[in-house]
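Notes follow once the structure below has been shown.
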Amino acid sequence: MKGLLLLSGGIDSPVAGYRMQQLGVDLIAVHFSSEPFTTNEAERKSCVLAEKLGIPTLYVVLHGSCYSLLVKHCTHKYYYILMRRLMLRTAEALAQQEQCDFLVTGENLGQVASQTLSNMATITEAVRIPVLRPLLCNDKQETIALARKIGTYDLSKGPEFCCVLGPKHPATQSTIDVIHTEESSLDICGMIEQSIKHMKCVTVF
Amino acid sequence: MNHHQFSIELCKTKAGYEATLPKPTPLNVDALRKHYTVREDAGIILVIHVDDEDVIVHQYGKLIFKTLTDNKKITQLAMKIYETATA
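One line per chain: the protein sequences are A and B, in this order.
Under the working numbering, the final residue of the first sequence carries the number 209; numbering is consecutive throughout.
Under the working numbering, the final residue of the second sequence carries the number 239; numbering is consecutive throughout.
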């Protein structure tokens with residue numbers, strides 16, 4: 005079976021990838037870049053992490069302009085939910101293109117605002133492809149310990165710009181109806197199509 | 153406004169330096185759009201290109217310097233941007 009790992013460059017997502025590989029899953033990876041709202045540090049880390057995990061292909065999707073549109077046209081407190089939905093939908097389109105059976109993320113319940121039960125349900129509703137979250141119930145310290153063990157912690161750590169586009173008080177709850185209304189002001193399909201069209205493919209090794 | 157009244161320090165994640173005004177102050181982002189190359193425009197946040205550097209501008213006054221670490225150059229750029237955005 006083949007999965008598409010959403011690789012952020014942070015601590016959790018490579019550990020999620022490792023856990024899936026332990027089950028015999030083949031992975032390719034995708035990194036969603038927020039440039040120019042950040043530097044390319046997260047992209048660089050993602051390349052290094054993909055190599056460490058033995059993932060041969062990393063796609064880099066330049067999503068900064070899409071995130072701009074979310075801020076301009078939608079209610080700001082829903083930004084992280086809308087952003088995650090867009091990421092999943094873009095990843096789903098890529099997974100279909102690459103014949104992947106599922107998506108893999110490093111999401112952990114309750115760690116950040118978008119990762120409450122309510123919001124994760126709303127986010128997952130965006131796609132039909134299965135989304136596997138092997139770290140869902142991990143304690144953060146467990147994840148860090150495993151990251152150290154597999155050698156990804158030192159590659160992931162290091163300062164990165166926090167999300168400058170995010171709201172000060174993000175919504176910790178959401179309903180599908182409200183989010184659909186927010187998305188109705190956007191051409192989501194067009195954004196996904198353009199993202200896939202302009203993405204970079206990095207052959208890791 | 154006194155353009156010299158801003159502080160420069162590392163942002164909370166220590167990834168880059170930021171310039172902050174003493175209190176949140178609405179900036180004239182339209183003036184910035186006219187004056188500088190805009191790399192990305194999210195309405196409340198712009199990424200402008202000034203003297204070969206990308207600077208993230210929050211509409212309420214915070215500037216984030218993506219790669220600059222030279223305090224003198226950060227100060228010069230911050231003054232320039234605040235002068236444009238508060239004229």
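Just so you know, even glycine gets a beta-carbon here, dropped at the ideal spot from N, CA and C.
Buried or exposed, going by whether 16 or more other CB atoms sit within 10 Å of the CB of A/N142?
buried
Can you tell me whether A/G137 is buried or exposed? The criterion is at least 16 other CB atoms within 10 Å of its CB, across all chains shown.
Per the sequence shown, residue 137 of chain A should be read as Arg rather than Gly. Burial call: buried.
Closer than 7 Å at the beta carbon, the chain A residues around B/E192
P40, F41, G68, S69 and S72
Just curious, the alpha helix (DSSP H) that A/D181 is in, first and last residue?
I180 to E187
Taking all protein chains shown into account, do 16 or more other C-beta atoms lie within 10 angstroms of the C-beta of A/E111, making it buried, or fewer, making it exposed?
buried
Closer than 8 Å between beta carbons: that is the criterion. Which residues of the stretch 153 to 175 of chain A meet it against chain B?
P163, E164, F165, C166, V168 and L169
Only counting the same chain, and skipping five residues up and downstream in sequence, which positions put a Cβ closer than 6 Å to that of B/H210?
So the qualifying residues of the chain are I197.
On the premise that A/L159 lies in contact with A/P53, defined as a C-beta separation below 8 Å, what is that separation, rounded to the nearest angstrom?
The residue you asked about is not Pro; residue 53 of chain A is Leu in the sequence shown. A/L53 to A/L159, Cβ: 5 Å. Contact.
In chain B, which residues lie with their C-beta within 9 Å of the C-beta of A/V75?
A194, G195, I196 and I197
Could you work out which residue in B/G213, B/T165, B/L220 and B/N180 is closest to A/C167 when comparing CA atoms only?
B/T165
Looking at the unbroken beta strand (DSSP E) that takes in A/C166, where does it start and where does it end?
Run containing A/C166: none; DSSP gives neither H nor E here.
Using a Cβ-Cβ cut-off of 9 Å, state whether A/M203 counts as contacting chain B.
no
So B/Y169 packs on B/I208, CB below 8 Å; how close in whole Å?
Rounded, the Cβ-Cβ distance is 11 Å, inconsistent with contact.
Can you tell me whether B/L229 is helix, strand or coil according to DSSP?
helix
Hey, how far is the Cα of A/D30 from the Cα of B/L179?
Cα to Cα, the separation comes out at about 50 Å.
Using a Cβ-Cβ cut-off of 9 Å, state whether A/H184 counts as contacting chain B.
no
B/M153 (DSSP reduced to helix, strand or coil):
For B/M153, the pLDDT reaches just 46, beneath the cut-off of 50, and the residue's location in the model is therefore unreliable, although a value from the coordinates is still provided. B/M153: coil per DSSP, three-state reduction.
Could you tell me the boundaries of the beta strand (DSSP E) in which A/S37 lies?
D30 to S37
Which whole runs of the alpha helix (DSSP H) in the stretch 98 to 147 of chain A are 4 residues long or more, in chain order?
121 to 128
Which of helix, strand or coil DSSP assigns to A/K76:
Here A/K76 sits in helix by DSSP.
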